[in-house]
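Data first, discussion second: the structure below is written as structure tokens.
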Amino acid sequence: MSFAGSLNAAQRATDIARIAAEELDVLVIGGGITGAGVALDAAMRGLRTGLVERRDLANGTSRWSSKLIHGGLRYLRQGQLGIAWESARERHILMTTTAPHLVHPLPFIAPLNSTLSPLGGALTEVGVRAGDVLRLASGTRRRQLPAPRRISALEAQRLVGGLRTDDLRGAVLFWDGQVEDDARLVIAVARTAASKGAAVATHCTALSTAAGRVQVRDEIGGTTFEVRARTVVNACGVWAGTIDRSVRLRPSKGAHVVVDARALLEPRAALITPVLGESARWVGATPTGDGRVIVGVTDDAFDGPIDDEPAVGAAEEDFLLDTLSLALQRSLTGADVLGRYAGFRPLLDTGGGSTADLSRSHSILESPDGTLLTVVGGKLTTYRRMAQDAVDRVVARHGGPRSGTASQPLIGACARGATTGVPARLVRRYGSEAEAVAGLAVHDRALLEPVFAGSPVLGVELLFGILHEGAMDIDDLLDRRVRLGVVPAERRRAEALATDLFGGLAA
Ligand SMILES: Cc1cc2nc3c(=O)[nH]c(=O)nc-3n(C[C@H](O)[C@H](O)[C@H](O)COP(=O)(O)OP(=O)(O)OC[C@H]3O[C@@H](n4cnc5c(N)ncnc54)[C@H](O)[C@@H]3O)c2cc1C
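The opening residue of the sequence shown carries number 1 in the UniProt record's numbering; numbering runs sequentially from there.
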């Protein structure tokens, strides 16, 4: 069976040969959401497009997000109307056209309790109502994102069973978007780009770039080759300064912990609670499809080395658990934590203030000779718009049609709904491809079993990751295709199967 935009070892070899031989219109450096988005936009405009990524798709910040597709509430609070509008608009496009299989509505509650003064509660309600005006203006229907409203303490506790009720006056209920898995969104964008003709070369590091000539090292083959491109797009996120030394970033670290949903009595809504002493910061607990809750997020200036997999410190973990526990019947402790992850926000250095105050809008910086564009900042939510703006700059110089990405469904896009006989997890994660993914078990029914007892991940997901989603090694597979790496103990239990599958396919 063939899959559009299939990525695998053979396709990678073809793509490397192509970008080494052909002069490209656009070479994108970086395979996060920004780079994948730029590659898709450029390929759809008929530009000869390549992408190089030093490790794997979604290797960087793009897999460490809070997995929210924000309608811009936070920016409304900060008075940044432009970016709030852009976020609401992009959320609409993702939920209705480009990725309705991966992005779904999520109810949130802000409890009105002793941590939130009556004035704070009233302001929260005003904020979510303003967010609802943006929803309306961006065209998102009420059946996709219902209206915000005040709810009783009883209703709030029905949504989040673990909520503390002794000081609860009620709650504000509102809706926003959640992405099933941020790394899967990147993979869907990259595969869609490949289906439109982009060459996608992972495990290829850009070593240097000058006047449209980029030296690239194939990290698997060990060779170094040159790629020539009329425009090079630096989409290296928090590492953008390594490609263009003039780019000045002020990274901020954001940490999350992952707990079992049973610790919050299986919440059906996300819970947000204010950080004491700060007017615009919250800690949230968002339930995921697999019985987990993600608790986050911190926002602290960081000037140390930028790792791909930053550790979460004890102080960060305590801050998250302590803040959330103020709203819970039972305080969470380290014993409740199954996994931890952190990432760095690629924020442009625009001077003083805390990193929480730095703008989340994106910027496009152009080298004096116009051959190097750096796209930086922004959000997962607004990736499509960032990409469109970047490729608009390319076509302004060299010519080309308008962006078509707003109406281009990503691979797998389909309305959510049950597909008879296909495991629900596959439908949530693979959308219209779910049936075909399940079909990979036709000769080995065991592949429809969990990768270990009690795991939500099925064997076919590993096989599909290798055959069609560009996983080149077990890290790609376990950490970025099925995300078992977030809970290290679970990852270890799946390593043998992943190794066997790679071995079996190579034999
Ligand atoms: C903690 C946290 C929570 C967040 N939560 C949300 C959220 O809920 N919703 C939302 O909309 N946004 C969120 N964001 C923001 C969002 O995640 C980022 O803005 C976005 O992922 C940045 O993507 P990127 O592609 O620009 O960078 P990255 O994802 O970091 O991609 C850059 C890529 O470049 C590659 N690279 C680096 N150097 C080279 C080289 N020399 N050659 C080749 N490749 C190279 C890296 O390996 C990496 O894969 C969050 C951010 C953080 C940190």
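Don't be surprised by glycine CBs; every beta carbon is placed ideally from N, CA and C.
- Message: Here's the rule I'm using: 16 or more other beta-carbon atoms within 10 Å means buried, otherwise exposed. How should THR323 be labelled?
- Response: Position 323 of the sequence shown, counted from the start, is the residue given in the question as residue 323. Label assigned to THR323: buried.
- Task: Report the rounded CA-to-CA distance for ALA21 versus PHE174, giving the unit in angstroms.
- Result: Locating residue 21 in the sequence shown gives position 21, counting from the first residue. Locating residue 174 in the sequence shown gives position 174, counting from the first residue. Cα atoms of ALA21 and PHE174: separation of roughly 52 Å, rounded to the nearest angstrom.
- Item | Buried versus exposed, by CB contacts within 10 Å (16 or more), GLY37 | Translated into the one-based positions of the sequence shown, residue 37 becomes position 37. By the 10 Å Cβ count, GLY37 comes out buried.
- Closest to VAL103 by CA distance: which of THR374, TRP239 and GLY412 is it? Start at 1 with the first residue of the sequence shown, and residue 103 comes out as number 103. Closest by alpha carbon: GLY412.
- Query: Any idea which residues DSSP pairs LEU414 with across the strands?
  - Reply: To locate residue 414, count along the sequence shown from 1; it is residue 414. Per the sequence presented here, residue 414 reads as Cys, with Leu not at that position. For CYS414, DSSP assigns no beta-bridge partner whatsoever.
- Mind checking SER42: buried by the 16 CB within 10 Å criterion, or exposed? Locating residue 42 in the sequence shown gives position 42, counting from the first residue. Position check: residue 42 holds Ala in this sequence, whereas Ser was assumed. Here ALA42 is buried. Its C-beta has 16 or more other C-beta atoms within 10 Å.
- Count the other C-beta atoms from every protein chain shown that fall within 10 angstroms of the C-beta of LEU332, then say buried if there are 16 or more, exposed otherwise. Along the sequence shown, read from residue 1 onward, the residue named residue 332 stands at position 332. By the 10 Å Cβ count, LEU332 comes out buried.
- Message: Please classify VAL179 as buried or exposed, where buried requires at least 16 neighbouring CB atoms within 10 angstroms.
- Response: Taking the sequence shown and counting its residues from 1, the one referred to as residue 179 is at position 179. So VAL179 ends up on the buried side.
- Task: May I ask you to list the residues that DSSP assigns as paired with GLU469?
- Result: Residue numbering aside, residue 469 sits at position 469 when the sequence shown is read from its first letter. Looking at the DSSP output, GLU469 bridges to LEU7.
- Kindly examine ligand 1 and report whether one of its heavy atoms sits closer than 7 Å to the Cβ of THR381. Stepping through the sequence shown from its first residue, residue 381 is reached at position 381. THR381 Cβ: within cutoff of ligand 1.
- Task: Could I get the ranges of all uninterrupted beta strand (DSSP E) runs contained in the stretch 271-341, with 3 residues as the minimum, in chain order?
- Result: Whole beta strand (DSSP E) segments, 3+ residues: 282-287 and 292-296.
- Task: Could you have a look at SER407 and say whether DSSP puts it in helix, strand or coil?
- Result: Along the sequence shown, read from residue 1 onward, the residue named residue 407 stands at position 407. DSSP, reduced to helix, strand and coil, places SER407 within a helical segment of the structure shown.
- Task: Please indicate yes or no: does the CB of THR205 lie closer than 7 Å to some heavy atom of ligand 1?
- Result: Reading the sequence shown from its first residue, position 205 is the one you call residue 205. Within the cutoff, so yes.
- So the alpha helix (DSSP H) HIS362 belongs to, where does it begin and stop? In the sequence shown, the residue the question calls residue 362 occupies position 362. First-last for HIS362: 362-366, but that is the beta strand (DSSP E), not the alpha helix (DSSP H).
- Query: Could you give the residue range of the alpha helix (DSSP H) that holds GLU155?
  - Reply: Residue 155 sits at position 155 when you count from the first residue of the sequence shown. It spans 153-159 - the alpha helix (DSSP H) in which GLU155 sits, taken as one unbroken run.
- Query: Taking the DSSP output, what are the residues bridged to TRP175?
  - Reply: Residue 175 sits at position 175 when you count from the first residue of the sequence shown. Its beta-bridge partners are PRO107.
- Task: Consider the C-beta atom of VAL375 and the heavy atoms of ligand 2; say whether any pair is separated by less than 7 Å.
- Result: As for ligand 2, it is missing from this structure, which binds only ligand 1.
- Query: Does the stretch 272-280 come close enough to the stretch 393-404 to have 3 or more Cβ pairs within less than 8 Å?
  - Reply: No, because fewer than three Cβ pairs between the stretch 272-280 and the stretch 393-404 fall closer than 8 Å, the two stretches do not touch.
- Task: Determine the closest residue to ASP218 out of ARG55, ALA438, THR98 and VAL247, with distance taken between C-alpha atoms.
- Result: Against the sequence shown, residue 218 aligns to sequence position 218. Nearest of ARG55, ALA438, THR98 and VAL247 to ASP218, Cα basis: ARG55.
- Item | Coarse secondary structure for PRO450, derived from DSSP in three states | What you label residue 450 is simply residue 450 of the sequence shown in a count that begins at 1. In the three-state reduction of the DSSP assignment, PRO450 falls in the strand class, which pools E and B.
- Message: I want to see whether chain B comes within less than 8 Å of SER432, judged by CB atoms only; does it?
- Response: As a matter of chain content, chain B is missing from the structure shown, which is built from one protein chain.
- Query: Can you tell which of ALA235, THR286 and LEU24 has its C-alpha closest to the C-alpha of GLY177?
  - Reply: As a first step, residue 177 is located in the sequence shown; it is residue number 177 there, counting from the start. When the alpha-carbon of GLY177 is set against those of ALA235, THR286 and LEU24, the nearest one is in THR286.
- Count the other CB atoms, across all protein chains shown, that sit within 10 Å of the CB of HIS362; report buried if there are 16 or more and exposed otherwise. Start at 1 with the first residue of the sequence shown, and residue 362 comes out as number 362. Per the 10 Å Cβ criterion, buried.
- Task: Just confirm the distance between the C-beta atoms of ARG150 and GLU125, as a whole number of angstroms; I'd bet it's less than 8 Å.
- Result: Here residue 150 refers to the residue found at position 150 of the sequence shown. Here residue 125 refers to the residue found at position 125 of the sequence shown. About 7 Å; that satisfies the 8 Å criterion.
- Query: Within the chosen definition, does the stretch 116-133 reach the stretch 381-399 through at least 3 CB pairs nearer than 8 Å?
  - Reply: Verdict: no, contact absent.
- Item | Secondary structure of SER62, DSSP reduced to three states | In the sequence shown, counting from the first residue as 1, residue 62 sits at position 62. Reduced to three states, the DSSP call for SER62 is helix.
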